[in-house]
Every structure is written in structure tokens, then in C-alpha cells.
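To start, the structure itself, in C-alpha cells.
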Amino acid sequence: MASASSASSAPSAHRVVVIGAGIAGLVAALQLARRGLQVTLVEAADTPGGKMRQPLVDGAAIDSGPTVFTMRWVFEQIYASAGASLADELELTPLPVLARHAWGPGERMDLFADPALSRDAIARFAGPAEAARFMQFCRQAREVYDTLEGPFIRSQSPTLVSMAGDLGLRGLAVLASLGPMSNLWNALREHFHDQRLQQLFARYATYCGSSPWRAPATLMLVTQVELDGVWSVKGGMHALAQSVASLAQRHGVTMKFGTRVDTIGVSNGRASSVTLANGERIEADSIMFNGDMSALGQQLLGTEAASAARPLTPSKRSLSALTWSVHAETDGFPLDRHNVFFQADYKREFDDIFSRGKLPGTPTVYVCAQDRGLPDSPDAPPPQRDRLLVLVNAPAEGARTLSDSEIDACETHSFSLLARYGLRVSRTSQNTMRTTPADFSRMFPGSAGALYGMATHGWMSAFARQGAQSRIPGLYLAGGSVHPGPGVPMAAMSGMLAAATLAEHLDSTSRSRRVRISGGTSTRSPTAAITD
Ligand SMILES: Cc1cc2nc3c(=O)[nH]c(=O)nc-3n(C[C@H](O)[C@H](O)[C@H](O)COP(=O)(O)OP(=O)(O)OC[C@H]3O[C@@H](n4cnc5c(N)ncnc54)[C@H](O)[C@@H]3O)c2cc1C
18 MASASSASSA PSAHRVVVIG AGIAGLVAAL QLARRGLQVT LVEAADTPGG
68 KMRQPLVDGA AIDSGPTVFT MRWVFEQIYA SAGASLADEL ELTPLPVLAR
118 HAWGPGERMD LFADPALSRD AIARFAGPAE AARFMQFCRQ AREVYDTLEG
168 PFIRSQSPTL VSMAGDLGLR GLAVLASLGP MSNLWNALRE HFHDQRLQQL
218 FARYATYCGS SPWRAPATLM LVTQVELDGV WSVKGGMHAL AQSVASLAQR
268 HGVTMKFGTR VDTIGVSNGR ASSVTLANGE RIEADSIMFN GDMSALGQQL
318 LGTEAASAAR PLTPSKRSLS ALTWSVHAET DGFPLDRHNV FFQADYKREF
368 DDIFSRGKLP GTPTVYVCAQ DRGLPDSPDA PPPQRDRLLV LVNAPAEGAR
418 TLSDSEIDAC ETHSFSLLAR YGLRVSRTSQ NTMRTTPADF SRMFPGSAGA
468 LYGMATHGWM SAFARQGAQS RIPGLYLAGG SVHPGPGVPM AAMSGMLAAA
518 TLAEHLDSTS RSRRVRISGG TSTRSPTAAI TD
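Using our numbering, the first residue of the sequence shown is number 18, and each one after it goes up by one.
Structure below.
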């Protein structure tokens, strides 16, 4: 996307520079511009979206970051707050099959958007008692989600104390029912007897870049998010980023692409300017940083902003990934949109990554077939060539960078597993693009390739994420590495929270108010507001 000029703003308008056009940066820029602030967004890449990137591989545009679109209501709320309609701006289609799971050739089970279909599928796969346990698990996951949505997800920088107050007795009882300090894996063992189902639902911890053996049981709320629906976005996930960028431009945001911010300047203790890689300096009244929060503490934005946020220690980093974007003929396996190929020893995968710092010897392989799974074409012939994102979990960069031979070995394991389960992919060096943790580290400075900021390991980790207000006045943080956490809708909410926090600071009459975003699945309110 080319640079675009903004509509004119009042000369006295508060000037904000947003660094980064990831989804949180785009949403924050939009929210601030619609409040009348003068917003300039500066992005190092040539297009908006950050991790929602869509490189051309063998002539085909392939979503090579997020592929699972959930929590549609978050975007309905964002578009409505900007006087637009998500449904008018983007074509979204609910997917009838949430994901197809395989444990061997012919050993498959689908989860469906319709819970009754999932229950029946589980009954056929693992027996009626397990299907009944699934329905019980759904009830608990729903309760956990409903309990935490307001007090945690939509609240700015919640603490243990604020949460205890907000949860009330009923909320505390729901969390206590999970068992003291229980991890997700243990909680799932109490629900399911079939290890394959424990594995299936444990995998949702990886959506936050975490190990099910270290993640708190509350992460079962991620399952609920997916059970609430998965949509296909016409044009891919990148189209969502393009759409939010275009809405922000319509509201007057000036966008500069292909331009890295080198330093953030601080004067009189307040963030006050940015200097671009080309030497240009932009004065600002406030700055919003949408890169990985660790970049600040690592002094990648200069020394003056270094105290804004502490960098993560390597042991706290979330998962990275090894991915292949492929445009190729496939055969032998009935691919749906989202496909997961499991191996028997699930624990070893996370021990390899988090304890040994190496690529998994027995990886779970996720395959997103981007032209499959739409409801109106169940009988349509499969595409001649599939656009695939193939992904395995990987460690973030630690003390060392993974060697080419380790990466090649993992690639061989991964595609042999697919072949064993029936899926053959006709890959060549021309139709395949590989992305390693080191590549992610280069694309997202400060992250060390960790794709989700801090891992959600242990009960207290949820409270350890930095909030929108950095330690430097006038410098705000938005993105998947800060509260409420990673994933496209959560990062978008972080953009909303950061914009609301900045706006609240400008409102001198309401200094003592806590920022929270209204709306959500429970209320389906189409407005974003600061509430008391
Ligand atoms: C392979 C992969 C699969 C994923 N799968 C899913 C999924 O299925 N569903 C889901 O919901 N989420 C998924 N995620 C997570 C999701 O993509 C992220 O949590 C979310 O997109 C992060 O958005 P963000 O706002 O933090 O910005 P980011 O996407 O991290 O973008 C930050 C932007 O800031 C820019 N920037 C940084 N520093 C500077 C600077 N100094 N100057 C200028 N620009 C700068 C970067 O270039 C980048 O564009 C996945 C991520 C990856 C990588």
C-alpha cells in the first residue's frame, strides 16, 4: 500500500505517532483519529498487518501468519465505533468445520461450529460417555470465559486485587472449581478419559504460545473462543488488516510504509518525538508503540525510551514457529480449512521446546488449506493447487540460533508425518517458502522470534503482562506482547485499550477512572466506550 495523506486536522489537535501497523497499531490509530487526534502511523514493512502477512509464493498470495479468525464481535464493535459496518467492508463466512484432527491414517475427528454435531462426532470417535464429558467441558469453558471476559480481557492492566473485586463471589467460585493451581493438562485429564481428546483441547494453549503442562487451567477459555465460531475472510486475513488500514485512512490517519522508526525521543521526562531511519524527525504529543514490547528494553528504539518496559528474559518467551507457505498439488487426504496432525507423544513436543530449547522431535503439524472448507461448496472439486500454510511449534531464539541441519530434520519429520497420514504435498523449492524463528526475529525486532510475547505459564503470568501505559509518560503500548495478550482479536482489543487509555489521560476531568472496553459476546454492544 502506498503512503497516503490524511484529511486535514485542527492545528491544535493532539499529535500522536503510532509505530507499527500490526492489528493493534491500526486499531489504535483508527480509534484515536475518530476522536479527533492528529495521527501519523509509521510502519517498517511495505504493507499493513504485521504478522498478518501474505507473501506471494509461486504467484499465489498465501496467508502466512494468523489463519484462524475468531471473536468476530470484537471487529464488529471496532467498525461500528468508526461509523462503519464489518459486514459491508469484508466478506466473512462462518466455517461449518472448526478443525479436522488426525491421529493416523483414517483416524480422524472433526470439531464443528454446531456443538451437537461435535458431540455426535465425539460419540462416534470415542464413545457416548466421552461425548457427555465434552458437553460438560463446554459448560465449564463457557463459565470460565464469561467470568474472565469483563474483569480480565476487557479491563486495562488488571491486578490480582482488582480482579478479586471485579469477579465477585460467583466469579471466584467458578475459578476455584478449576482446582487450586491446576494446569490446563491436569484439568483436561479430569474432563476427558481419551488421551486424544485431552491432546486436542490442550492444543489451544498454543494459541497463546504456551505449553498445556505449564498453562493455567483458565486457558480453557481459548477453546470457548473457537467453539463460538471460526470465519473465513475473503481475500485472507491480510484483507482484514488492509480493511482496517483503509478505514483508519478515511478517518484521517496519515500512513508511512517502508519506514522504520529508529529512535523514540524523550524530553522533560515525556515521549516527544520519533526519528525515522531516513533521518526525518516527527514531533509528537504522544507515541503509541505497536512493536514487541521487549524491543524498548533492548534499546532497539534508542536509549531514551529504554526504561519504558522491561525486556522478557528468554525463559519467559512464548512459542515461535517453523512454517512453510506452499502453493502445490496435494492428494491422499481430505483437507478441510484447518487441519491438525497429531503424534502420540504430545508432552515430548513441549519438553523439547521449553526445557531443551530445540525443535520438537515429534511435532504436531498444522495445515491451513486456504481454498477449502467453505460451506457453499462441499461438492466443489478441490483446487488444482492448494495454498497451504504448514506450521510446527518451535522455540524462540534462546542462547543460540537453530542450525540449518536441525531445521531440515524437522522439515523431513513434519512432511513424513503428513505422508504417513495420507497427505502428499508436491513441494519444490519454487513453490515453497520457509520461515524460521530467526526470520520471525528479524521481521519483529525484539521478539527473538517469540510470536505471542510472554508465555502464559503459571497462574500469575496473566497479571505480569505490561498494560497500555508504559513507564514513560506519553508513551503507550499496544499489541500481542501486552495485555490482554496475543491473537488477532486480543491484539485488536489491546489497540482499543491503549487508545482509550491515552484518551483518558487527555481528559483531565476523569483522572481516577479505570479504563475498560464495553461490549462483548454477552452484551453484543456495538459501541466502544470508557466506563467507570
Ligand atoms: C505464524 C503465526 C500464526 C498465527 N496464528 C494465529 C491465528 O490463527 N489466529 C490468531 O488470532 N492469531 C494468530 N497469530 C498471532 C497474531 O498474528 C498476533 O498476535 C497479532 O497479529 C499481533 O498483532 P500486533 O498488533 O501485536 O502486531 P504485529 O503483527 O506484531 O506487528 C507489529 C508491527 O510493528 C512494526 N514495527 C515494529 N517495530 C517497528 C519500528 N521500529 N518502526 C516501524 N515499524 C515497526 C512491524 O514491522 C510490524 O508490522 C499467529 C501469528 C503467527 C506469526
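Idealized CB from N, CA, C, for every residue including glycine.
| Looking at C-alpha atoms only, which residue of F154, D127 and Q153 is the closest neighbour of R141? | Of the candidates F154, D127 and Q153, the residue whose Cα lies closest to the Cα of R141 is D127.
| Would you call R437 buried or exposed, if buried means 16 or more other Cβ atoms sit within 10 Å of its Cβ? | exposed
| message | Given a cut-off of 7 Å on the beta-carbon distance, is the pair P351 and A411 in contact? | response | no
| message | So, at 7 Å on beta carbons, what are the nonlocal neighbours of R206 in its own chain, with the 5 sequence-adjacent residues on each side left out? | response | Q215
| Exposed or buried, P431, counting other C-beta atoms within 10 Å across all chains shown (16 or more means buried)? | In the sequence as presented, Pro is not what sits at residue 431; that position holds Ser. Answer is buried; the Cβ neighbour count reaches 16.
| Looking at F151 and I139, is the spacing between their C-beta atoms short of 7 Å? | yes
| said: So, does the stretch 233-249 touch the stretch 151-168, judging by three or more C-beta pairs under 8 Å? | reply: yes
| request: For the stretch 406-426 and the stretch 27-41, state whether three or more C-beta atom pairs, one from each stretch, are separated by less than 8 Å. | output: no
| message | Tell me which residues share the same chain as A312 and place their Cβ nearer than 7 Å to its Cβ, disregarding the 5 neighbours each side in the sequence. | response | L318, P462 and G463
| field | Heavy atom of ligand 1 within 6 Å of V499 beta-carbon | value | No, Cβ of V499 sits at least 6 Å from all heavy atoms of ligand 1.
| How many angstroms separate the CA atom of H500 from the CA atom of S433? | Cα-Cα distance, rounded: 38 Å.
| Closest to A481 by CA distance: which of T84, A158, E366 and P328 is it? | The candidate whose alpha carbon is nearest that of A481 is P328.
| request: Using three-state DSSP, classify I370 as helix, strand or coil. | output: helix
| message | I'd like to confirm the pairing. Which residues does DSSP put opposite G475 in its beta bridges? | response | DSSP, once it has assigned bridges, lists no residue as partnering G475.
| Status (buried if at least 16 other CB within 10 Å, exposed otherwise) for K273 | That one is buried.
| message | What does the alpha-carbon distance come out to for the pair T271 and A288? | response | 20 Å
| said: Going by the DSSP bridge assignment, what does K273 pair with across the sheet? | reply: V59
| query | So, are the CB atoms of E300 and S290 less than 7 Å apart? | reply | Yes, they are a contact pair.
| request: Reducing DSSP to helix, strand and coil, say where L339 ends up. | output: When secondary structure is reduced to three states using DSSP, L339 falls in the strand class.
| With contact counted as at least three CB pairs below 8 Å, one residue from each stretch, are the stretch 82-96 and the stretch 502-515 in contact? | With a cut-off of 8 Å, the stretch 502-515 and the stretch 82-96 count as touching, because enough Cβ pairs lie within range.
| query | Roughly how far, in whole angstroms, is the beta-carbon of M310 from the beta-carbon of A326, given that I think they are within contact range, below 8 Å? | reply | 5 Å
| query | From Q387 to M254, what distance separates their C-alpha atoms? | reply | In a straight line, the C-alpha of Q387 is about 10 Å away from that of M254.
| Ends of the beta strand (DSSP E) at R327? | That residue, R327, is in no beta strand (DSSP E); it is neither H nor E in DSSP.
| task | Could you name the residues of the same chain whose beta carbon sits closer than 8 Å to that of T280, not counting the 5 residues immediately before and after it, in chain order? | result | V291, T292, L318, G319, E321 and A322
| message | By the three-class DSSP mapping on this structure, what secondary structure does R528 have? | response | Interpretation of R528 is limited by its pLDDT of 46, a score under 50 that renders its predicted location unreliable; the figure taken from the coordinates is listed afterwards. Coil at R528, not helix or strand.
| said: Determine whether the beta carbon atoms of G390 and L112 lie at a separation below 7 Å. | reply: yes
| query | Just the Cα atoms here: how many angstroms apart are T476 and F154? | reply | The sequence shown places Trp at residue 476, rather than the Thr named in the question. Taking the straight line joining both Cα atoms gives about 20 Å.
| query | So what's L217 in DSSP terms, helix, strand or just coil? | reply | It is helical.
| said: My output table needs one value for R334: the three-state DSSP class, helix, strand or coil. | reply: strand
| field | For S228, the nearest candidate out of K333, P400, T449 and L435 (CA to CA) | value | K333
| message | Suppose contacts are defined by Cβ-Cβ distances below 7 Å. Is S263 in contact with Y469 by that definition? | response | no
| request: Assuming A130 contacts L109 (C-beta within less than 8 Å), just tell me the rounded distance between them. | output: The pair is not a contact, with the Cβ atoms about 13 Å apart (cut-off 8 Å).
| When you compare each of A62, S284, P72 and S337 to A472 by their alpha carbons, which one comes out closest? | S337
| P145 classed as buried or exposed, judged by whether at least 16 other C-beta atoms fall within 10 angstroms | exposed
| task | State buried or exposed for T223, treating a residue as buried only when at least 16 other CB atoms are found within 10 Å of its CB. | result | buried
| Under a CB-based cut-off of 7 Å, is R52 close to chain B? | No chain B is part of this structure, which consists of one protein chain only.
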